[in-house]
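*Asks:* Sequence order for the protein chains is A and B.
Here our numbering is used: the first residue of the first sequence is 137, the next is one more, and so on.
Here our numbering is used: the first residue of the second sequence is 72, the next is one more, and so on.
Beta carbons: idealized from backbone N, C-alpha and C, even for Gly.
The structure that follows is given in the form of structure tokens.
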Amino acid sequence: MKYLDISKKTLSFVQGDQVEVLVTAHDSALTRFANSYIHQNVKETNCHVTVRVIRDNKQGFAETNSFEIDALKAVAQKAGEISDFSPKDPVQRILPGKSDYKQLDLPDLATISITPEQRAEAVKGMIDYANPLGLTIAGAYSNDHSYTAIANSNGIEAESEGAGANLKVTAMSTDSSGAAEVETPHVSEINPMMIIKEACDRAITSKNPIAIDPGEYEVVLLHYAAAELVGMMNWSGYSARSAEEGSCWTQFHMGKQIFSDKFTVFDDPFDPRGGQRAFDYEGFPAHKMTLINAGVPVTLVFDSYYATKTGKNNTGHATPASGGWGPFPMNIVVQGGNVSIDEMISKVKRGVLISRFWYSNLIRPLEIEFTGMTRDGLFLIEDGKIKAGLKNMRVTDSIIRILSGLIECENVTRSHDGIICPAMHCKSIKFSSGTLF
Amino acid sequence: MKDHIERALKSATLEGASYVDIRIIDNMSERIQAKDKAITSLSSSRSQGFGVRVIADGAWGFSSSSVVTADEIEKVAKEAVSIAKASAKTIKEPIKLAKIEVFKDDVPSGVIDDPRNIPLSERVKLALDADKSMDISGIASHEVGIFNTFEEKFFGSTEGAMIRQERIESGAGMEAFAADDKAFAKRSYPQSFGGDFACDGWNFVIKMDLPGNGERIAKQALELLKAKPCPKSRKDIVIDGSQMALQVHESLGHPAELDRVFGTEAAYAGRSFIKPDMRSCFKYGSPIVNITADATIPHAFGGLKYDDEGVKAKRVYLVKNGIFCDYLDSREDAARLGVEPMGAMRASGWNRIPIVRMVSVNLEPGDLTFGQLISGIDDGIYFETTLSWSIDDHRLNFQFSTEIGWEIKNGKLGEMIRTPSYQGITPEFWGSCDGIGNRDLWHVWGVPNCGKGEPMQTMHVSHGTAPTRFRNIQVGVGS
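If you want it as structure tokens, here you go:
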């Protein structure tokens with residue numbers, strides 16, 4: 137059976153005022169290497185069938201990872217039984233109705249078909265490049281083939297298929313490291329030799345790191361670091377659920393110029409460089425939205441529940457309802473600028489270049505104040521040039537403050553952690569302490 | 072299941088594997104989530120599958136599937152061997168495993184008060200009662216989660232192991248949110264990360280008394296909006312047990328993982344500053360600091376009888392009298408270090424390969440009452456309930472914030488402090504420890520969200536801790 141057929145078949149196994157069946161399935165593989173050899177090499181085939189039953193505005197969920205008919209019948213009936221135990225929700229639950237969807241490209245066959253041997257050959261080539269430079273490498277090369285199908289009793293019938301690949305590598309000397317990564321729906325865009333060269337160049341340039349004092353520094357953020365900041369903004373930034381809880385930073389700044397006018401953020405489910413989706417996890421059609429326009433937050437995002445609860449329009453941002461996470465933007469794209477990274481560096485009199493952050497966490501959500509460490513390449517910039525590698529530092533700062541001082545964005549945008557983002561040049565970032573390496 | 076296991080072992084061996092193990096798992100979980108006087112998620116989930124791990128041509132291979140049939144097991148076992156042979160293109164030396172005693176065993180859950188015997192309506196009512204208890208004027212939102220998991224796991228290996236283990240996990244927690252146009256505050260009970268967890272049945276949830284604590288934390292959330300900020304200076308501090316669980320987890324548990332030490336987590340979870348030559352001689356903390364890895368604690372969330380390599384659980388000291396003495400390890404890493412494996416290889420499910428994880432890693436209790444801990448401070452801060460955490464990838468520089476704090480003035484708790492933070496360097500920080508709460512204050516906290524590995528594995532671990540005192544610590548970092 138095809139996945140949508142499984143959804144529709146499962147719908148028939150239970151009665152309810154509204155019933156929804158979400159089917160996800162994936163085949164994924166990952167080759168992990170460290171100390172310049174492959175130490176883990178894994179493959180997984182899995183699926184989830186989640187049934188939501190709403191009776192008298194009481195909802196229940198049940199999930200299985202089996203496509204056997206008996207299992208599908210059992211999970212449908214279990215969801216129905218659970219709904220009967222649930223109290224009546226004061227907010228009317230109205231699932232989306234029949235919709236048309238934008239046609240997406242089929243997943244890239246070459247990306248789906250990467251073999252363990254191909255991944256191992258790529259890793260071996262990178263090891264052979266790094267070892268003569270006196271560097272050891274670690275990283276992971278993965279590919280994934282996924283399916284989503286949703287059917288509900290209001291007429292939703294949606295299905296999609298996707299693929300992705302990711303190669304990331306960290307090159308290390310005794311006192312330095314550098315990392316590089318490519319994530320893409322098309323494996324043809326992964327050039328292991330370019331990635332290993334980027335990582336090794338950064339590891340070599342950051343050898344013999346020196347220490348600087350905590351304080352405020354002009355900063356160039358590579359796209360890895362910039363995407364991590366933008367990702368933290370997303371945690372509680374745009375969701376109607378976090379607005380309800382009072383932890384949403386946009387709710388007090390809607391329509392106000394709080395960032396630099398160089399900062400524009402979209403949620404774009406059709407960007408071909410990301411994980412495209414034609415619909416959300418309730419089957420509501422997806423569309424491109426502007427979240428921050430030239431430094432001004434302009435909207436929150438909603439699913440069917442929060443749209444009804446707040447009287448707003450559904451924006452197509454439902455996450456799987458059984459998780460209870462509420463609506464969330466899943467395809468963040470930051471608009472690029474007009475300059476290269478080298479041009480950004482050339483304009484810095486004295487500052488730092490941050491390659492990436494590590495273990496960052498929000499402290500105060502309304503200010504988007506976070507703390508996190510730099511990792512795999514922190515550099516001192518003087519007189520427009522990289523002067524030296526630096527020992528890693530801890531940032532404790534407000535992302536609103538950092539991006540209010542955004543000077544310009546890189547003319548290229550790339551995907552990292554599912555966020556498509558350029559490198560950024562900002563007036564300053566605050567280091568609160570340093571570490572020993 | 073025995074037939075499935077033997078089929079996997081035989082198929083992979085015939086393909087050329089020199090070692091094979093298989094785990095077959097049936098996992099059922101239940102989640103009840105109440106929010107703002109409604110049930111927002113009431114769900115039941117079942118995940119079945121198996122994972123086959125092999126050594127072939129001296130390298131590791133792993134494959135897994137959710138389809139538990141004889142044909143699929145044979146296919147996946149062969150696939151694991153093919154993957155291992157691809158891995159072998161890069162190996163420097165063939166994998167060696169430390170020798171272990173091989174067991175055949177059947178391990179029941181040991182839980183008397185099985186949550187499945189409690190009517191679902193009763194479990195739902197508890198969630199709603201707890202949620203309602205936080206519904207006081209001014210609170211923006213409140214939420215309760217109750218979780219139960221039931222797992223049956225079979226393990227077999229070509230060395231002759233044949234082990235069946237049952238596990239029943241239960242946990243619960245709740246949060247109250249308050250906000251105005253200047254500040255946001257959250258209070259959690261009994262701790263962050265969704266609450267507290269154990270393998271101790273439904274009574275563990277009942278004993279938390281969620282409804283009896285809702286109004287208290289909701290009022291505190293409102294008070295936090297007006298509370299004074301954390302001063303920026305060096306102070307003596309006392310950290311509550313739940314935040315101490317995080318402190319142990321991040322700055323002692325993770326750096327003691329031997330795979331980090333050997334670099335196999337270097338690209339993701341990171342490395343460790345504890346090098347092998349520091350074993351048995353490095354001063355990790357003050358002489359009163361004793362840290363154990365103990366998977367044998369009854370009903371602990373990080374407890375187990377056998378790990379996912381079939382190694383029988385042990386209690387070992389990681390730090391004894393302040394000196395670092397041992398690692399959390401795997402059979403492969405133990406062979407490399409020349410030690411006996413202690414049983415810390417765990418996978419988060421059938422679809423993940425085992426990696427080195429914490430079990431129950433504990434700061435052993437001291438001899439002070441809470442009053443004695445506080446009374447020894449003239450000017451300090453008491454920290455309670457984790458809010459924010461961050462540590463560098465060698466596990467040295469950390470910075471943590473808690474939801475709430477109180478001044479300590481002349482040996483007594485004083486005014487409330489919002490979002491207090493402290494920062495330190497791991498060995499210096501543990502070296503400043505001069506007081507640990509006694510056995511009466513000691514509790515094994517269940518932590519459900521320890522992330523590590525690629526693909527990501529979220530592991531259930533635990534930490535026995537009591538409130539603990541540290542001297543001359545940097546507090547009040549950031550705005």
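Taking glycine 411 of chain A and serine 235 of chain A to be in contact with their CB atoms under 8 Å, please state how far apart those CB atoms are, rounded to whole angstroms.
*Replies:* At roughly 20 Å, the Cβ-Cβ gap does not stay under 8 Å, so glycine 411 of chain A and serine 235 of chain A are not in contact.
*Asks:* Quick one: grab the DSSP three-state call for cysteine 384 of chain A.
*Replies:* In the structure shown, cysteine 384 of chain A sits in coil (DSSP, three-state: anything other than H, G, I, E or B).
*Asks:* What is the DSSP secondary structure of tyrosine 339 of chain B, reduced to helix, strand or coil?
*Replies:* Looking at tyrosine 339 of chain B - three-state DSSP - the assignment turns out to be coil, as it is neither helix nor strand.
*Asks:* Does DSSP classify glutamate 214 of chain B as helix, strand or coil?
*Replies:* Note: glutamate 214 of chain B maps to strand in three-state DSSP.
*Asks:* Report yes or no: do the segment 392 to 399 of chain B and the segment 531 to 546 of chain B share at least 3 C-beta pairs separated by less than 8 Å?
*Replies:* No: the two stretches stay apart, fewer than three of their Cβ pairs being nearer than 8 Å.
*Asks:* Closest to glycine 87 of chain A by CA distance: which of A/Met509, A/Phe402, A/Ala198 and A/Ala287 is it?
*Replies:* Given a span of 137 to 573 for chain A in the structure shown, any question on residue 87 of chain A remains unanswerable.
*Asks:* Counting along the chain, where does the beta strand (DSSP E) carrying valine 125 of chain B start and finish?
*Replies:* Element bounds for valine 125 of chain B: 109 to 127.
*Asks:* Measure from the C-beta of isoleucine 126 of chain B to each C-beta in chain A and report whether the shortest distance is under 8 Å.
*Replies:* Taking Cβ atoms only, chain A never reaches closer than 8 Å to isoleucine 126 of chain B, which makes this a no.
*Asks:* Can you give me the C-alpha to C-alpha distance between isoleucine 504 of chain A and methionine 368 of chain A, rounded to a whole angstrom?
*Replies:* Computed Cα separation, rounded: 8 Å.
*Asks:* Under 6 Å Cβ to Cβ from histidine 514 of chain B, same chain only, skipping five residues before and after it: list those, please.
*Replies:* Gly312, listed in sequence order.
*Asks:* Which value, in whole angstroms, describes the spacing of the CA atoms of glutamate 293 of chain A and asparagine 467 of chain A?
*Replies:* Their Cα atoms are separated by approximately 22 Å.
*Asks:* Quick one: which chain A residues come within Cβ less than 9 Å of proline 300 of chain B?
*Replies:* None at all; the shortest Cβ gap to chain A is about 10 Å.
*Asks:* Threshold first: 4 residues or longer. Then list the alpha helix (DSSP H) segments lying entirely within the segment 513 to 554 of chain A, N to C.
*Replies:* Runs found: 535 to 540.
*Asks:* For alanine 299 of chain A and histidine 322 of chain A, I'd like the C-alpha separation in whole angstroms.
*Replies:* Cα to Cα, alanine 299 of chain A sits roughly 8 Å from histidine 322 of chain A.
*Asks:* For asparagine 433 of chain B and threonine 363 of chain B, which I take to be in contact (beta-carbon distance under 8 Å), what is that distance rounded to the nearest angstrom?
*Replies:* At roughly 5 Å, the Cβ-Cβ gap stays under 8 Å, so asparagine 433 of chain B and threonine 363 of chain B are in contact.
*Asks:* Taking CB distances under 8 Å as the criterion, tell me whether lysine 149 of chain B reaches chain A.
*Replies:* No - not a single Cβ of chain A is within 8 Å of the one on lysine 149 of chain B.
*Asks:* Where does glycine 476 of chain B sit, in a helix, a strand or coil, going by DSSP?
*Replies:* Strand, per DSSP.
*Asks:* Name, please, each residue of chain A whose Cβ falls closer than 7 Å to the Cβ of isoleucine 555 of chain B.
*Replies:* A query on residue 555 of chain B cannot be resolved here, the shown segment of chain B reaching from 72 to 550 and no further.
*Asks:* So which of A/Asp153, A/Ser396, A/Pro433 and A/Thr435 has the shortest CA-CA distance to leucine 574 of chain A?
*Replies:* Not covered by the structure: residue 574 of chain A. The range shown for chain A is 137 to 573.
*Asks:* Is alanine 256 of chain A closer than 8 Å to threonine 140 of chain B when the C-beta atoms are compared?
*Replies:* No; because the gap between Cβ atoms is not below 8 Å, this pair is not in contact.
*Asks:* In terms of residue numbering, what span does the alpha helix (DSSP H) encompassing glycine 285 of chain B cover?
*Replies:* Note, glycine 285 of chain B: alpha helix (DSSP H), 281 to 295.
*Asks:* Between histidine 175 of chain A and chain B, is there a C-beta pair that is closer than 8 Å?
*Replies:* Chain B, which has a Cβ nearer than 8 Å to the Cβ of histidine 175 of chain A, makes this yes.
*Asks:* Under a CB-based cut-off of 8 Å, is alanine 212 of chain A close to chain B?
*Replies:* So, not an interface residue.
*Asks:* For chain A, find out if any of its Cβ atoms is closer than 8 Å to the Cβ of glutamate 86 of chain B; answer yes or no.
*Replies:* Judged by the 8 Å Cβ criterion, glutamate 86 of chain B is not in contact with chain A.
*Asks:* Leaving out the 5 sequence neighbours to the left and right, which residues in its chain are closer than 6 Å to valine 469 of chain A when beta-carbon positions are compared?
*Replies:* Within the same chain, valine 469 of chain A has close Cβ partners Phe402, Asp404, Asp407 and Ile556.
*Asks:* Buried or exposed: where does cysteine 577 of chain B fall if 16 or more other Cβ atoms within 10 Å of its Cβ makes it buried?
*Replies:* Past the edges of chain B, shown from 72 to 550, lies residue 577 of chain B, and the structure says nothing about it.
*Asks:* Quick check: is the beta carbon of aspartate 184 of chain B nearer than 8 Å to any beta carbon in chain A?
*Replies:* No, its Cβ sits nowhere closer than 8 Å to a Cβ of chain A.
*Asks:* I'd like to confirm the pairing. Which residues does DSSP put opposite tryptophan 131 of chain B in its beta bridges?
*Replies:* B/Ile126.
*Asks:* Looking at the secondary structure, which residues open and close the beta strand (DSSP E) in which proline 252 of chain A lies?
*Replies:* Counting along the chain, proline 252 of chain A falls outside any beta strand (DSSP E), though it belongs to the alpha helix (DSSP H) covering 252 to 266.
*Asks:* What distance in whole Å lies between the Cβ atoms of threonine 186 of chain A and leucine 140 of chain A, which are believed to be in contact at a cut-off of 8 Å?
*Replies:* The pair is not a contact, with the Cβ atoms about 15 Å apart (cut-off 8 Å).
*Asks:* Based on the DSSP output, what are the partners of leucine 434 of chain B in its beta bridges?
*Replies:* B/Ile362.
*Asks:* For the alpha helix (DSSP H) containing glycine 442 of chain B, name the first residue and the last one.
*Replies:* Taken as a continuous stretch (DSSP letters only), the alpha helix (DSSP H) holding glycine 442 of chain B covers 441 to 446.
*Asks:* Mind checking whether valine 309 of chain B and isoleucine 488 of chain B have CB atoms under 8 Å apart?
*Replies:* No, the Cβ-Cβ distance between valine 309 of chain B and isoleucine 488 of chain B is not below 8 Å.
*Asks:* Within 10 Å of its beta-carbon, does asparagine 344 of chain A have 16 or more other beta-carbons around it, so buried, or fewer, so exposed?
*Replies:* Exposed, since its Cβ has fewer than 16 Cβ neighbours within 10 Å.
*Asks:* Quick one: give me the first and last residue of the beta strand (DSSP E) that cysteine 270 of chain B is part of.
*Replies:* From DSSP, cysteine 270 of chain B is part of no beta strand (DSSP E); its letter is neither H nor E.
*Asks:* Does the CB of glutamate 544 of chain A have a neighbour CB from chain B at under 8 Å?
*Replies:* No, glutamate 544 of chain A does not count as interfacial toward chain B.
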